[in-house]
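Residues -22 to -1, 1 to 1131 in mature numbering (1 follows the signal peptide of the UniProt record, and there is no 0) are what the sequence shown lists, from first letter to last.
From the three backbone atoms N, C-alpha and C, an ideal C-beta is built for every residue, glycine too.
I have placed the structure first, in the form of structure tokens, so that the comments after it can refer back to it.
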Amino acid sequence: MNKTITLLGVAALLSMTGMAQKTGNEIHIDFAKKGAEVPAGMFGIFFEEINHSGEGGLYAELVQNRAFEDTSVPEGYTVRDGQLFGPQLNNHLTGTFTGGAGYRWPSTEIPAWSLEQTVGSGAAMSLCKEYPLHPATPTSLAIRLPQAGSRVTLTNSGFWGMNIVKGEKYSLRFYVRKETKYKGDVKVRLVGEKGEVLAERKIDLKPSGDWTEYRDTLEAFATDPKGVLKLDFEGEGTVWLDYVSLFPVHTFGNRPNGLRKDVAEMLVGLNPGFVRWPGGCIVEGITRSNRVKWKETLGDPMTRPGNYNTWGYRASMGLGYHEFLQFCEDIGAAGMFVCNAGLGCQYRHGDACTEEEVQYYVDDLMDALEYALGDGNTEWGKKRIENGHIEPFPLKYVEVGNENWGKVYEKRYDIFYKAIKAKYPQLTVISTLGLGGEKYHEKADMVDPHWYVAPEFFFQNTRIFDQVERTGCGVYVGEYACNAEVGSGNMLAALSEAAFISGMERNADLVKMASYAPLLENVNDRVWPVNLIRVDPSRVMGRSSYYVQRMYALNRPSYNLATELRFPAKQVRVEGKIGVGTYNTQAEYKDIVVTRADGSRVEVDCQNWKPVSGDWSVKDGAYVQSADGPMQWSAWQGADFGDCTIELKARKLGGKEGFLIFYGMNEDNGYVLNLGGWNNAGSALERMREGNASAIAATLPLTIETGRWYDIRLVVKEGQFSYYCDGKLIQETPLTTTRQYAISGFDEKTNEIIVKVVNAEKTPFRTKIELGNVKVMPKGKVITLSADSPEDENTLDDPKKIYPVEKPYNRFSSSFEYQFAPWSFTIMRIKVDKAYQHASNPVFPGWYADPEGAVFGDEYWIFPTLSDYYAAPGEPTPEYPTKKTKAFHQQYNIQTYMDAFSSKDLINWKKHPRILSVDNISWLEYALWAPSVVHANGKYYFFFGANDIQNDGEYGGIGVAVANKPEGPYRDVLGKPLIDKIVNGAQPIDQFVFRDDDGTHYMYYGGWGHCNMVKLSPDLLSIVPFEDGSMFKEVTPENYVEGPFMLKRNGKYYFMWSEGGWMGPDYSVAYAISDSPFGPFKRVGKILQQDPKIATGAGHHSVIQVPGKDEWYIIYHRRPLGDTSPYHRETCIDRMYFDEKGLIKPVKMTINR
């Protein structure tokens, strides 16, 4: 893994030691250096039914336990001692059978319901399973009134109250079955906390003894946030009641069975690019049998059986798969569906279906995708249409499983991936494995690391993604939150998250998506310690972390800007004892040597050890720990160490995990290197405080084998921690105490530089901000989220104690000072003066050659040839194909696809990857070269050269692909070359299509020093004869080598080409002028060639004209100074001028133009 750390838009540690003018604190932002693009949908929301986040939260149903199923015991489960226990099942990871721990179970038989007899005696209520309303919901409530004149009131308390608002209407629905002798009716009332009637209706019951549905609407004539629903029955006999539902009419979007408006609007306020559903652990279930089954969440909510979930309560699943997809569509977000991979929760029972049963789960997922995306000719697409939604839903992502790992999961993911991609190649398929987990799969689009940590972890790991190898697999940080050592969530938690998110945004080339978790809690049932949004029956509020999320989402730049931070960080000095240990593992250690900073060596013997816990002994010169159980460790008492290198050998003898290496220990405080932790899945540095360890660095994949010796080296130097396993550097982590962080980017839509700064310290932070290669307007705005104390937090009673404050600011300049408040997250939006905006060369990163420029509508486009694989600083170079072909140069084997780039202003470029590739050209083998793209007949025609044929016996030449948009995807339209022979000595490459004023399209092409011209048919898919009957005309000018280009200006035809050898420094561009597209073309001279101060090998160009102006730009490739690789060519743009005679002036190559 390459460990070089880049500074493109870097978020790093800033030290505040005083005023900027005294200390030199500075943030340097270079507008000319573009960093990673930030995806438009990077920040999303992750919904899981936890903390009553749906039932009693987002879902608008007011009645709790509406179907009387809340105490229906899941099949195979038992209730004892007030807890729910699962069946004995085999854990596929450990091979042991377990019934798991006990889970929460309601303390009353009929939760949320109570019966009061107001007249008479002997009345009772009980649950009944006879004559069910629906097979999916077999339980009803029986109310027995034994005497004539009995009167009872049945009350539902809702989800800790019902918010009833004056003037609002509420939709009531319920079912009744009754004995013949019961002649009474039912009176429905909404009642306030103190007994005030808020709304009421009398409903006549029909004489039938069968189940009968009743619907009505109640309008509130008073308000109470803690109302209840009451149903009054009077008479003699038995009445059975089921599915009692009460909804506000005004839900989000006024949808029936909809969402609570105020809560949904809080989610919309996050501007989410995607929504993940249904979880979370409930995807797997306590066991597979009570996982979320999406098909059971469709249709009439009355028919949905619901789900007793992992978090200790039954959810009605009224907020089901269809409602999730509808919400995504309503708010303009993409959908992410998480499916079960045939595995129960691996932190609980860990049961797995058999290999033969896996196909059932695959088929179930494919049905879910068909429901979202299929048309009316498909089984499940038809069901969607029957449910009222004709068009497909915006589902874009699928995650296979939730927090699964191990060989069983790795294999299953590959099965799911292939099935999904075979039918829905456009979907992004996500693995639950963490950073680096893609190496355990045949192919993964994204991996999903999770972090629930203390603040120090996030503060220490803003650079975690800088160190991650770029393999082509993206990262979706699906669950993360600071939820330890911060109470129920405070400002310190929010600031640590703001710092961590800066690292995600800076590395947006890798981190494509992120979602905080958990999203919601009803404050009356918090089962997870820290959550983003809190609700009660009438109120909703966002914690400070909510506003951090919102500020990032609403202030997302188009791309990062290079940021150089000149702030000395305060380093932590580590000093103390060393130690070794295990966690649920037996292991031995030997050959322990510590080398101090001065070079002196200390050989650590097997004596002088002080066991803290465990069974320690010396055997054959090794120090052995033989006990089972967590955190067994021992400290060496021979000396204390500061900066040093610790080397040792370790071998696992048995157990579940790996090794623990302790250093800087003072009693039970210090640092621990955990190798093979987390069920033998990863390694990380941990901080140990009073015997409790928590990670302060990323958990990277690592599995420790039993019986094998490992060479471990740990280096502590000047606050930097590095560790090696078997000679390979695994991780580097700085240990710092300062807590200031910054990133910057540019918003192309608003033409603003966005600067984000975190100051997580108690003193103001003053610094100078330098903006290079740009002029900015003085007026802009500053958005600040701050608190008086890191312990401060919002509450339902004070929801805006911590709230973003936006103020105008009129002192921005290319160099200015600013003081950031203590405990603050600040965003600056600085307008760029476009007249002074600078562009730089190369125009985008990467080794790209033969650039074809084009103007389509209001956008500029560049279509280049892939010249070589490119690795940005700190990134590994992709692996080259090992298969040998008949290519003239084996380098050509990588040239099997093409990217494109678009821009509104010739400055800011957006990459469109793989718009044409070998996947779409059946006859392409290698050497996909020199595109020429034109718009005609309402389509885009992409001409290309392929296979670099050397004679007429080889298959290849010039082909043509077609698309409906300039960014493709393009498909080979002929299935064969358009020109596949060498005519007039011209190799069929380097084609350029020119449209003359009369609408005729000509193509100029040719290598090997010869240029031909052909006439294209109106559909551009064949060549047709010229007026003289010829098919090919040679138009080769003096010194022509390759790369022809034609433009027309003021009635003159400017024919241009490349001279010299493309692999050398003397590659250049020359031109001729003619009155006809057929020539003759008499060479005028060179207009572009190498500049020993700028670059070499400048050639193979195209030219674009700014629409409506006599303003021209030449687009070409060139080689950086000092780089001798012929394939290292960069795409550049420079201004091209004509003199008063119409001659082209020599082009001056630039770095900044």
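Straight-line gap, residue i to residue j (C-alpha atoms, nearest Å)
i, j, result
"K165", "G127", "15 Å"
"N751", "S791", "12 Å"
"K147", "A720", "49 Å"
"P1022", "G1100", "28 Å"
"P203", "W506", "25 Å"
"G1063", "L1121", "10 Å"
"N287", "L473", "32 Å"
"S223", "L62", "27 Å"
"V270", "N285", "7 Å"
"A575", "V693", "10 Å"
"I761", "K734", "10 Å"
"G359", "K727", "37 Å"
"E191", "D342", "33 Å"
"Y291", "W83", "7 Å"
"V97", "R266", "48 Å"
"residue 1159", "G205", "Residue 1159 lies beyond the residue range present for the chain, which begins at -22 and ends at 1131; the question has no answer from this structure."
"K1119", "P1015", "21 Å"
"L631", "R686", "9 Å"
"F152", "P89", "18 Å"
"H1079", "A1048", "10 Å"
"L651", "A565", "15 Å"
"Y458", "D930", "60 Å"
"D1112", "S1000", "34 Å"
"T1128", "M1034", "21 Å"
"R667", "E710", "21 Å"
"S722", "M244", "27 Å"
Sequence-distant residues of the same chain with beta carbon closer than 8 Å to residue i, five excluded per side
i, result
"V571", "R579, V580, E581, V582, I624, E625, L626"
"residue 1147", "No answer is possible for residue 1147: the residues shown for the chain start at -22 and end at 1131."
"M1114", "I1065, V1081, W1090, Y1091, I1092, I1122, K1123, V1125"
"W825", "L844, S845, D846, Y847, Y848, Y1105, H1106, R1107, E1108"
Of the residues the options, the one placed nearest residue i, counting alpha carbons only
i, options, result
"G145", "P226, Y641, D776", "P226"
"L680", "R686, W656, E696", "W656"
"L40", "G1038, R238, Y781", "R238"
"Y525", "W594, F21, G54", "F21"
"K864", "F834, N925, K888", "N925"
"E769", "I309, G162, K740", "K740"
"T72", "R326, G258, R193", "R326"
"H367", "N380, K917, D353, L894", "D353"
"K812", "A908, L884, A311, F834", "L884"
Cβ shell of residue i (< 7 Å), same chain only, five flanking positions each side left out
i, result
"N644", "G554"
"Q(-2)", "Per-residue confidence for Q(-2) stands at a pLDDT of 42, beneath the threshold of 50, marking its modelled position as unreliable; the derived number appears in the next sentence. Same-chain partners within the cutoff: there are none."
"D8", "L539, A540, G750, N751"
"A676", "L413, N439, I442, A662"
"G231", "D308"
"S466", "P507, V508"
"V951", "V938, A939, V940, L999"
Rounded Cβ spacing between residue i and residue j (contact assumed at less than 8 Å)
i, j, result
"N788", "K757", "5 Å"
"G213", "G162", "3 Å"
"Y537", "E15", "4 Å"
Cβ shell of residue i (< 6 Å), same chain only, five flanking positions each side left out
i, result
"Q965", "G985, W986"
"Q95", "A101, V130"
"G616", "N586"
"K208", "T131, T133, R167, V169"
Check your understanding: Which full runs of the beta strand (DSSP E) of 3+ residues lie inside the stretch 843 to 919, going along the chain?
Key -> 875 to 881, 887 to 895, 907 to 914
**Study point:** Completely contained beta strand (DSSP E) runs for the stretch 76 to 125, where each covers 3 or more residues
**Key:** 91 to 97, 102 to 106, 118 to 123
Point to revise | Segments of 3+ residues assigned as beta strand (DSSP E) that fall wholly inside the stretch 171 to 203 | key: Entirely contained in the stretch 171 to 203, the beta strand (DSSP E) runs reaching 3 residues are, in chain order, 175 to 181, 190 to 197.
Check your understanding: Which runs of the beta strand (DSSP E) spanning at least 3 residues fall entirely within the stretch 948 to 997, listed in chain order?
Key -> 970 to 973, 979 to 983, 990 to 994
**Study point:** Unbroken stretches of the beta strand (DSSP E), 3 residues or longer, contained in the stretch 776 to 841
**Key:** 783 to 787, 793 to 798, 802 to 810, 825 to 834
Review point. Which runs of the beta strand (DSSP E) fall wholly inside the stretch 380 to 457 and span at least 3 residues, in chain order?
Key: Runs of the beta strand (DSSP E) inside the stretch 380 to 457: 406 to 409, 428 to 431, 452 to 455.
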